[in-house]
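Student: I have a structure I would like to understand better, so I am pasting it below and will then ask my questions one at a time.
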Amino acid sequence: MQRRHLLALAALTVLPAPASAHAILMQSIPRHAARLAAGAQTLTLRFNSRLDLARSRLTLLRPDKSAEILTLLPGSEDVLSASATLTPGPHTLRWQVLAIDGHITRGEVPFTVAAA
Ligand SMILES: [Cu+2]
Numbered sequence: 065m066q067r068r069h070l071l072a073l074a075a076l077t078v079l080p081a082p083a084s085a086h087a088i089l090m091q092s093i094p095r096h097a098a099r100l101a102a103g104a105q106t107l108t109l110r111f112n113s114r115l116d117l118a119r120s121r122l123t124l125l126r127p128d129k130s131a132e133i134l135t136l137l138p139g140s141e142d143v144l145s146a147s148a149t150l151t152p153g154p155h156t157l158r159w160q161v162l163a164i165d166g167h168i169t170r171g172e173v174p175f176t177v178a179a180a
């Protein structure tokens with residue numbers, strides 16, 4: 065009985081530590097592979113962690129393969145958002161963020177802008 069109790073305690077102590085605060089993308093507008101209308105749009109990425117906004121960036125890859133670093137809109141500390149005027153064709157929103165735990169994560173959200 066006592067031995068079983070000790071084993072249970074030992075099992076508890078080897079549970080993984082709480083997940084670190086790497087920034088993980090929780091929600092994006094547009095969503096992955098979404099179709100958007102052409103024109104002015106606000107692109108928004110929400111993360112699970114506070115970000116160092118000064119060291120985080122959004123880059124828009126346009127249909128002509130040009131890459132534009134977007135100016136971030138002020139907002140809450142777990143969101144990156146920016147405005148862009150979109151033309152028809154395939155796009156990729158590339159993000160790189162520094163979480164407050166000092167770790168960088170990055171990823172891409174591809175989407176398509178439909179002709180009007
Ligand atoms: Cu981390």
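Numbered as in my numbering, the sequence shown ends at 180 without a single skipped number.
Heads up, the beta-carbon is just placed ideally off N, CA and C, and yes, glycines get one too.
Quantities reported herein were computed from a predicted structural model and do not represent experimental measurements.
#1: Suppose you measure from the CA of Leu107 to the CA of Arg114; what does that come to, to the nearest Å?
#2: Sort Ala98, Thr176, Leu124 by Cα distance to Trp159 and report the nearest one.
#3: Using a threshold of 6 Å, is the CB atom of His155 nearer than that to any non-hydrogen atom of ligand 1?
#4: In three-state DSSP terms, what is Arg215?
#5: Residues bridged to Ser145 by DSSP?
#6: Nearest by alpha-carbon distance to Thr169: which of Asp116, Leu100, Ile93 is it?
Tutor: According to the structure data:
#1: The residue labelled residue 107 in the question sits at position 43 within the sequence shown. The residue labelled residue 114 in the question sits at position 50 within the sequence shown. Cα to Cα, the separation comes out at about 18 Å.
#2: For the purposes of this step, residue 159 is taken as residue 95 along the sequence shown, with counting starting at 1. It is Leu124.
#3: Residue mapping note: residue 155 aligns to position 91 of the sequence shown, counting from 1. Incorrect: His155 has no Cβ contact closer than 6 Å to ligand 1.
#4: The structure shown has nothing for residue 215, since the chain only spans 65 to 180.
#5: Residue mapping note: residue 145 aligns to position 81 of the sequence shown, counting from 1. Partner(s): Thr108.
#6: Numbered from its first residue, the sequence shown carries residue 169 at position 105. The option with the nearest alpha carbon to Thr169 is Asp116.
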